[in-house]
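Undergrad:
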DNA sequence: GCAAATGTAAAACGTTCGTTTTACATTTGT
DNA sequence: ACAAATGTAAAACGAACGTTTTACATTTGC
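Chains as they are written, first to last, in our numbering: chain A, 4 to 177; chain B, 4 to 177.
1) Are the beta-carbon atoms of residue 66 of chain A and residue 105 of chain A separated by less than 9 Å?
2) For the putative contact between residue 112 of chain A and residue 73 of chain A, defined by C-beta atoms under 8 Å, what is the C-beta separation to the nearest angstrom?
3) With DSSP collapsed to three states, give me the class of residue 155 of chain A.
4) Any idea what DSSP makes of residue 37 of chain B, helix, strand or coil?
5) Contact defined as beta carbons within less than 8 Å: I believe residue 161 of chain B pairs with residue 70 of chain B. What is the distance between those atoms, to the nearest angstrom?
6) Rounded to a whole number of angstroms, what is the C-alpha to C-alpha distance between residue 100 of chain B and residue 166 of chain A?
7) Output yes if chain B places a C-beta closer than 9 Å to the C-beta of residue 60 of chain A; else output no.
8) Of all the residues that make up the stretch 140–162 of chain B, which are near chain A by a beta-carbon distance shorter than 8 Å?
9) Would you call the stretch 150–157 of chain A and the stretch 163–177 of chain B touching, i.e. three or more CB-CB distances under 8 Å?
10) At 9 Å on the CB atoms, spell out the chain A contacts of residue 24 of chain B, in chain order.
11) Compare the C-beta of residue 49 of chain B against all C-beta atoms of chain A and say whether one is closer than 9 Å.
12) So, is the C-beta of residue 52 of chain A closer than 9 Å to a C-beta in chain B?
13) Residue 91 of chain A versus chain B: which residues are under 7 Å apart at the beta carbon?
14) From what residue to what residue does the alpha helix (DSSP H) around residue 124 of chain A run?
15) How would you call residue 63 of chain B, buried or exposed, if buried means at least 16 neighbouring beta carbons within 10 angstroms?
16) DSSP on residue 27 of chain A, reduced to helix/strand/coil?
17) By the criterion of Cβ-Cβ separation under 8 Å, what are the contact partners of residue 170 of chain B in chain A?
18) Would you give the residue range spanned by the alpha helix (DSSP H) that residue 61 of chain B belongs to?
19) Return the Cβ separation of residue 151 of chain B and residue 92 of chain A in integer angstroms, given the expectation that the two are a contact with Cβ distance under 8 Å.
20) Tell me whether the beta-carbon of residue 144 of chain A lies closer than 9 Å to the beta-carbon of residue 76 of chain A.
21) Who are the Cβ neighbours of residue 56 of chain B in its own chain at under 7 Å, not counting the five residues just before and after it?
22) If the cut-off is 9 Å on Cβ atoms, which residues from the stretch 105–116 of chain A count as contacting chain B, listed in chain order?
23) Can you look up residue 148 of chain A in the DSSP assignment and give me helix, strand or coil?
24) Any Cβ of chain B within less than 9 Å of the Cβ of residue 14 of chain A?
25) Is the Cβ-Cβ distance between residue 61 of chain B and residue 118 of chain B less than 9 Å?
26) Let me check understanding here. Comparing Cα to Cα, which of B:33, B:28, B:134 lies closest to residue 124 of chain B?
27) Helix, strand or coil for residue 177 of chain A per DSSP?
28) In whole angstroms, what is the alpha-carbon distance linking residue 114 of chain B and residue 122 of chain B?
29) For residue 29 of chain B, which of B:20, B:39, B:22, B:21 has the nearest alpha-carbon?
30) For a contact defined as C-beta to C-beta under 9 Å, what are the partners of residue 35 of chain A on chain B?
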C-alpha cells in the first residue's frame, strides 16, 4: 500500500507530463487510486504535494550524480533521460509556472539547484585534481543545456554536451 | 493606439513573468487596458493569444541573432538577457505548461526551435568556413544551457558559455 | 449625416478549480 | 471486543476560470 509513496509517484508523473497548473486534483486522485479526503490527509495541499514531489525527485536525481568524473556526470544524465524522458527540468518548470512566489515550491527548487551547483563543482574538482569554478560553471551550463535542448533535439544533445565537456576538461588539464 | 500590439506586448509580459496557465483573462484585460470584448475580438482565444505572443517573440529574438560569428551569437544573448531578464525559454515553458497538445502553441514552438537550430548551424558554418553539425549541436547546447542556468546562476552563465564556445571553435579550427 | 465599425462596462454563461464535509465501511492496536 | 485510526464515495463549498452577451458610447468612411 503506502499511500504517500503511491501519491507522490503519481503526482510526479502527472506534473511532469502535463504541468503543475494543468493537472487537476481529480486527475491526481484517479491516478493515485485514492479518495480526495485521503489525498488531502497525506498531502495537505496541491502546492505542498508539488513541494514533496520536488524534494523526492531531488533525492532520486542527486543520488545518480554521485560520481567522480565529468564523463560519468554526463553518463548519469544519459541514463536519466533514457529512464525519465526529455521534458526539461521539472524544478525550473515548477518555479516558472508558479512565478517563483509559492513558498514551499520556490524553496525546494532553490535547494535543489544549490545542491546541483555544489555537486558539479565537486565532480570537476575531483576529476581535475583542483578547484576550477569557471570550468565548473561551463560544465553546469552544458548539463543544463543538454537537459533542455533534448526536449526538441533528442537525447543526442547529452552526448554532444559530454564531448564538449571532455574537450574543456582536457584543455584545463594542460 | 493599435490595440493588437498593446495586447500582445502586455500578454507576453504577463505570460513570461507568471506563466501561461496562472495568468487569467482579467489580468490581461487590466494590463492591456481594454475590455474583454475587445480582447476576444483581437485575440480569438487565450491559446491563440499565446501563439501570437510566441510568433512575435520569435521574430524579435531571431532578428537579434542575425550575426556572423559564434562570439556575436553569445553577445546577442547577453544583450537579450540584459533587456528581457533571465526567466528561461518562453517557448519551452509554453510547451511544457500545455503538455505539448495545444495546436497553435505547439506549432509556434516547433517552428521557433527549428529556425533557431538552423540559425546556429549557419552561424557556426560562417564562422568556421565550413559546415560542422556536431560543433553546431554543442553551441546550441551551450546557448540553451546559458539561457536556463541564468535563471538561478545569473547572467554570468552567458559569458561562461561564450568562453566555452570559443574554445570549442578554436579547437575545431586547428 | 448616417450607417458601420469599434470601443467600454458589466453581467451572465456553464465549467472547473482546490478544498472541505457528510456518511459510512474497514482495519488495527491493546 | 471495542475504540481509534484510516480508508472510500460523493456531495457541496465558494471562488475563479475562459468566454459570450447585453446595453450603450464614440469614432470613422462615404
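Glycine included, C-beta positions come from ideal geometry on N, C-alpha and C.
TA: In brief:
1) Not a contact, by the Cβ cut-off of 9 Å.
2) Contact flag wrong, Cβ pair sits at about 24 Å.
3) Residue 155 of chain A falls in the helix class under three-state DSSP.
4) Residue state, collapsed to three classes: coil.
5) Wrong, their Cβ atoms sit about 14 Å apart, outside the cutoff.
6) Separation of residue 100 of chain B and residue 166 of chain A (C-alpha to C-alpha, rounded to the nearest whole angstrom) is 31 Å.
7) By this cut-off, residue 60 of chain A is not an interface position.
8) Cβ contacts with chain A come from 140, 141, 143, 144, 145, 146, 147, 148, 149, 150, 151, 152, 154, 155, 156, 159, 160.
9) No, the stretch 150–157 of chain A is not in contact with the stretch 163–177 of chain B.
10) Neighbours of residue 24 of chain B in chain A, taken as residues whose beta carbon is under 9 Å from its own, are 22, 23, 24, 25, 100 in chain order.
11) With 9 Å as the cut-off, residue 49 of chain B does not count as an interface residue toward chain A.
12) Not closer than 9 Å to any Cβ of chain B, the Cβ of residue 52 of chain A fails to qualify, so no.
13) Going along chain B in sequence order, the residues near residue 91 of chain A (Cβ under 7 Å) are 95, 99.
14) Residue 124 of chain A -> alpha helix (DSSP H) spans 106–131.
15) Classification of residue 63 of chain B: exposed, given that the 10 Å Cβ count is below 16.
16) Of the three classes helix, strand and coil, the one that applies to residue 27 of chain A here is coil, per DSSP.
17) Result: 170, 171, 174.
18) It spans 49–67 - the alpha helix (DSSP H) in which residue 61 of chain B sits, taken as one unbroken run.
19) With a Cβ gap of about 7 Å, residue 151 of chain B and residue 92 of chain A count as contacting.
20) Going by beta carbons, residue 144 of chain A and residue 76 of chain A fall outside the 9 Å limit.
21) Taken in chain order, the residues that qualify are 11, 14, 15, 18.
22) Cβ contacts with chain B: 112, 113, 116.
23) Three-state DSSP puts residue 148 of chain A in a helix.
24) Chain B, which has no Cβ nearer than 9 Å to the Cβ of residue 14 of chain A, makes this no.
25) Yes. Within cutoff.
26) Of the candidates B:33, B:28, B:134, B:134 places its Cα closest to the Cα of residue 124 of chain B.
27) Collapsing the DSSP output to three states places residue 177 of chain A in coil.
28) Here the C-alpha atom of residue 114 of chain B lies approximately 12 Å from the C-alpha atom of residue 122 of chain B.
29) Nearest option by C-alpha distance: B:39.
30) Correct list: empty, because the minimum Cβ distance to chain B is about 19 Å.
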